[in-house]
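Protein chains in written order, with our numbering: chain A, 11 to 195; chain B, 11 to 195.
See structure below.
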DNA sequence: TTTATAATTAGATGAATATCTAAATAAATA
DNA sequence: TATTTATTTAGATATTCATCTAATTATAAA
């Protein structure tokens, strides 16, 4: 679903009358006049809304005797909002997103107000946290140990452990007491 | 989530700028000016949108150094549209709606083009039909038997049966050959 | 405390749109 | 084919709302 289509769909859902129509159609198919009676609106108004809903792919219609019956397109309503927003159905992008989501959850749970609440015990999680902290260092720039400590201390009092683990994980490199960010592999 | 809240949320999602903001926040938390740069909009406009998003429960914010960081409320985005639409509606209203729907189905199936196809055998259904026909009489007005017959004959040829049953059900009252609608109990 | 910067608010404007009435169209029955 | 009934379209109106500029407030650093 393209962004334009998503907006069209959400616009449809963002109106009380149309929501009422959809709620009615969840239970059974209905025709214009009946909906007009239930919602206390003019058939013209109902017709106007149904056209929008159809245009957004939310409903379809078929004729039955005198009436044009309108019917919910159920699959549309089973999708998650997140999936609609991030329409990259490309598998790679999807994976990247899941990965990013996971990282964000880890970061959210260990940081509070910009500070690290505790150092994760799991290596995978600590790695994520260390990479997050590494964003405070500039690529290419060389730091003294004292400078490194000061920057890390902004996040957590135990800057020694964090500094050591950053070296251990290969996120930073050290030589002759000087520190710098490792190049991305 | 109430209907009003659902509409508020969908309204938020129904705008290109806000969708872009959300797409940015899916990846990482951001602050106003950075978003303004990415979307090529004024900080004032971004602020306006973020306020709406926050009000709809789609994002939260926290301060970090100079900035107010905005963050996606992920759980909201993991819900399905159908769940959001069907969620509210207290039980009483739901029952009332079911009742109204049932009445409508009965009416739909026994009437055709404004005329009664047959008189329902089930007492419960006949009552609904009689009440529907009763809508053609004005409350407080007094009718002769002839006038009553003419009005009922519009719906069905056997106006005698219908007239008698309306008295029997207490929907109309009679005295000295004059008829009128019974008061609602 | 002063200063710099980020964020919000207020007011203005133009565009979109939900709803109605009245008229036109489409479809089913007689 | 003529007539009835359901649905859609057209035109009008009032409201909502996205966006900007300018001014104000809030916060961090010096």
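Idealized CB from N, CA, C, for every residue including glycine.
query, result
"Backbone CA spacing between residue 147 of chain A and residue 191 of chain A [nearest angstrom]", "7 Å"
"Distance CB(residue 64 of chain A)-CB(residue 55 of chain A) smaller than 9 Å", "no"
"Inter-residue spacing [alpha-carbon to alpha-carbon] between residue 154 of chain A and residue 123 of chain A", "27 Å"
"Nearest-angstrom Cα separation, counted from residue 137 of chain B out to residue 179 of chain B", "7 Å"
"Own chain residues within Cβ distance below 6 Å of residue 159 of chain A, not counting five before or after", "169"
"Contact with chain A by residue 131 of chain B, beta-carbon distance below 9 Å", "no"
"Closer than 9 Å to chain B by CB, residue 12 of chain A", "no"
"Buried/exposed call for residue 34 of chain A, threshold 16 Cβ in 10 Å", "buried"
"Nearest neighbour of residue 141 of chain A, chosen from A:164, A:176 and A:152 [CA to CA]", "A:176"
"Residue 183 of chain A in three-state terms, based on DSSP", "strand"
"Contact list for residue 87 of chain B against chain A, beta-carbon separation under 8 Å", "90, 91, 92 and 95"
"Per-residue contacts from residue 26 of chain B into chain A (C-beta, under 9 Å)", "13, 14 and 17"
"Interface partners of residue 80 of chain A on chain B, CB under 9 Å", "Going along chain B, no residue has its Cβ under 9 Å from residue 80 of chain A, so there is no contact; the nearest lies around 16 Å."
"Nearest residue (CA-CA) to residue 86 of chain A, options B:86, B:80 and B:95", "B:95"
"Status (buried if at least 16 other CB within 10 Å, exposed otherwise) for residue 44 of chain A", "buried"
"Where the alpha helix (DSSP H) containing residue 176 of chain B begins and where it ends", "169 to 178"
"Cα-Cα separation between residue 77 of chain A and residue 41 of chain A, rounded to whole angstroms", "6 Å"
"Those residues which DSSP pairs with residue 122 of chain A across a bridge", "A:125"
"Residue 209 of chain A, enclosing beta strand (DSSP E) - first and last residue", "The shown model of chain A, from 11 to 195, leaves out residue 209 of chain A, and the question about it has no answer."
"Minimum C-alpha distance to residue 82 of chain B - residue among B:89, B:52 and B:32", "B:32"
"Pick from B:121, B:172 and B:62 that is closest to residue 22 of chain B, judged by C-alpha positions", "B:62"
"Residue 21 of chain B: first and last residue of the uninterrupted alpha helix (DSSP H) it sits in", "13 to 23"
"Straight-line Cα distance separating residue 18 of chain B from residue 67 of chain B", "9 Å"
"Sequence-distant residues of the same chain with beta carbon closer than 6 Å to residue 72 of chain A, five excluded per side", "79"
"Check whether residue 129 of chain A and residue 117 of chain A have beta carbons under 9 Å apart", "no"
"Integer Cβ distance of residue 4 of chain B from residue 88 of chain A, believed to fall under 8 Å", "Since the first residue of chain B shown is 11 and the last is 195, residue 4 of chain B is not available in this structure."
"Contact list for the segment 52 to 82 of chain B against chain A, Cβ threshold 9 Å", "72, 73, 74, 75, 79, 81 and 82"
"Nearest neighbour of residue 115 of chain B, chosen from A:39, A:164 and A:183 [CA to CA]", "A:39"
"Cβ pair residue 152 of chain A, residue 188 of chain A closer than 9 Å", "yes"
"Proximity winner among A:30, A:28, A:13 and A:29, relative to residue 30 of chain B (alpha-carbon distances)", "A:13"
"Cutoff 9 Å: residue 206 of chain B Cβ touching any chain A Cβ", "No statement about residue 206 of chain B is possible, as the shown extent of chain B runs from 11 to 195 and does not include it."
"Through-space distance from residue 37 of chain A to residue 97 of chain A, alpha-carbon basis", "29 Å"
"Closest by C-alpha distance to residue 131 of chain A, when choosing among A:181, A:144 and A:172", "A:172"
"Cα-Cα separation, residue 127 of chain A to residue 27 of chain A", "47 Å"
"Distance CB(residue 90 of chain A)-CB(residue 90 of chain B) smaller than 9 Å", "yes"
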